Structures are given as C-alpha cells and as structure tokens.
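*Asks:* Using my numbering, read the sequence shown as starting at 1201 and increasing by one per residue.
A virtual CB, placed ideally from N, CA and C, is assigned to each residue, including glycine.
Note that this is a predicted model, so its numbers are computed, not measured.
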Amino acid sequence: MKRLLTTIMLCAAGCGGPEAPPAAPDPAAPQEATAPQEELITMKGTEFYLYDMRPESGAVKKPLAVIRADELAVGTGGETSISFKGAHAVLRGQAADAEEIILDAAEGSYEENQRAYLKGGVRAQVADMTLQLEDMEVTTVTPDSPGMAFTEHPVTITAPGMELRAENLRLYPDEKKMELSQCSGFIEFGRLQP
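(1) To the nearest angstrom, how far is the alpha carbon of H1288 from that of F1350?
(2) Mind checking which residues open and close the beta strand (DSSP E) that includes G1308?
(3) With DSSP as the reference, please indicate the residues paired to A1349 in a beta bridge.
(4) Can you list, in chain order, the residues of its chain whose CB lies under 8 angstroms from that of R1323, leaving out five sequence neighbours each side?
(5) Around the C-beta of E1300, are 16 or more other C-beta atoms found within 10 angstroms, so that it is buried, or is it exposed?
(6) Please report how far the alpha carbon of P1230 lies from the alpha carbon of I1241, in whole angstroms.
(7) Count the other CB atoms, across all protein chains shown, that sit within 10 Å of the CB of M1209; report buried if there are 16 or more and exposed otherwise.
(8) Decide yes or no for the touch test of the segment 1353 to 1361 against the segment 1310 to 1329: beta carbon pairs closer than 8 angstroms, at least 3 of them.
(9) How many Å lie between A1228 and D1374 at the Cα?
(10) With DSSP as the reference, please indicate the residues paired to L1264 in a beta bridge.
(11) Alpha carbons only, please: which of A1366, K1262, P1346 is nearest the one belonging to G1385?
(12) Verify whether the separation of the beta carbon atoms of V1338 and L1272 is less than 8 angstroms.
(13) Beta-carbon separation of Y1249 and V1274 under 8 angstroms?
(14) Using C-beta distances below 8 angstroms, list every residue in its chain close to E1388, excluding the 5 sequence neighbours before and after it, in chain order.
(15) Please go through the same chain and pick out, in chain order, the residues whose beta-carbon is closer than 7 angstroms to the beta-carbon of N1313, but skip the five residues on each side of it.
(16) When burial is assigned at 16 or more other CB atoms within 10 Å of the CB, is E1307 buried or exposed?
(17) What would DSSP say about M1253, mapped onto helix, strand or coil?
(18) Assign Q1382 to one of two classes, buried (16 or more other C-beta atoms within 10 Å of its C-beta) or exposed (fewer than that).
(19) Which partner residues does Q1332 have in the DSSP bridge list?
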C-alpha cells in the first residue's frame, strides 16, 4: 500500500498537467494609466482681449480688457479655455475718461470673448487705490449683462487715508462703480478726493 501511494505521488509530480492560470491582478495595486496624454501647445508673451459684445454700429470699440501672459498652454483636444502664468492685465470702460485698472496675478485662464480668470496673489491698482485679492474674474459686456470684474473671496483695499476689508467685490469699469459686501475698515474724512 505504501508502495502504491509513493508511485501515485511520483506520477503526479512527474506528469505535467495543464499550467496553472495566471494570478489575478491585485485590486489594491496601482494600475498604469492607459489614457493618452493630451498634447499642449505652449507660447510666451501672448496677449488676449475681451471686447464689448453688444451689437452696435459706429466707432470701433477698444477692448474692455487686455491680458498679457508670460507663458500659456493650450490643449489640442478642443478645449476652449487657455491656461496661463504671469498675468498682467488692463481693464477699462468704454468712456473716454474711463479709469484704467491694472492687474497682476500669478496665473489664470481665458475663454475667448467670454471671461478671464486671474488667481494667485492678485493685485489691482485703480488710481491711488491698491486691491489685494485671492482671485478675480472678468466678464465681457453682452446685451444681457454688464461687463464686470468680481471675486467671491476676501479683498483688502488700501489708499492714502483709507483701509477697507470686504468679503467680496463687484467692479463695474463702465460705471466707475465698486460694490463691497460685509465691509469694515476706516476712511479719514478730508483725505479723499472727489
């Protein structure tokens, strides 16, 4: 009997049966990405423009915003948004006496004739006022909407004789108007010019 068991064991060990199936992949192990990487087109020193999109005849309109980017990247996958770094922008209303608003930001994005979004240490200069913001979105003028620059994040505004902090900001270049909500700070009377 012992001899029979030994013979069976030797036959089983020596006989090659079908190969064992490959081990199932470990679901916890990271899988390599198989999606193709999107190709990017990169450029340096590029300008973008936002125009008043209301239909009017007559004089040629100047752009509401001119944004110069130190460098940008555009995907080739049909995206309409352009990402950029090192933004320097000028916002202005259409009136001849409109005050220019100068903006600087670390980065942002742009959608042609719709909006520009700036973020990363945004600094805006309006005459002698300096605005420090986390981000700012600039929208173009359309028949249904006035063009404006706004943020839903805190803003600090400083000028000689004034320091204000607000929870958010709406800026209308054409109307020379700024709206602040939940504002606190100080203004020294007699120091501000009308």
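*Replies:* A quick look at the data gives this:
(1) Distance from the CA of H1288 to the CA of F1350, rounded to the nearest whole angstrom, comes to 17 angstroms.
(2) Taken as a continuous stretch (DSSP letters only), the beta strand (DSSP E) holding G1308 covers 1301 to 1311.
(3) In the DSSP output, where bridge partners are listed per residue, A1349 has V1338, L1371.
(4) Residues L1303, D1304, A1305, T1330, L1331, Q1332, L1333 of the same chain have their beta carbon placed closer than 8 angstroms to that of R1323, with the five preceding and five following residues left out of the count.
(5) Counting Cβ neighbours within 10 Å, E1300 comes out exposed, since fewer than 16 surround it.
(6) The predicted model places P1230 with a pLDDT of 47, which falls under 50 and marks its position as unreliable; any figure quoted below should be read in that light. Computed Cα separation, rounded: 30 angstroms.
(7) Note on M1209: pLDDT 42, under 50, position unreliable in the model; no value is reported.
(8) Touching, per the Cβ criterion.
(9) Confidence at A1228 is low in this model, with a pLDDT of 49, below 50, so the placement of that residue should be treated as unreliable; the coordinate-derived value is given next. A1228 and D1374: Cα-Cα distance of roughly 57 angstroms.
(10) Answer by DSSP bridge pairing: none, since L1264 is not bridged.
(11) Nearest C-alpha to G1385: A1366.
(12) Pairing V1338 with L1272 gives a Cβ-Cβ distance that is not under 8 angstroms.
(13) No.
(14) Taken in chain order, the residues that qualify are G1361, M1362.
(15) Excluding residues up to 5 positions away in sequence, L1250, Y1251, M1253, T1340 lie with their Cβ nearer than 7 angstroms to the Cβ of N1313 in the same chain.
(16) The residue is buried, with at least 16 neighbouring Cβ atoms inside 10 Å.
(17) M1253 falls in the coil class under three-state DSSP.
(18) So Q1382 counts as exposed.
(19) Beta-bridge pairing links Q1332 to R1323, T1356.
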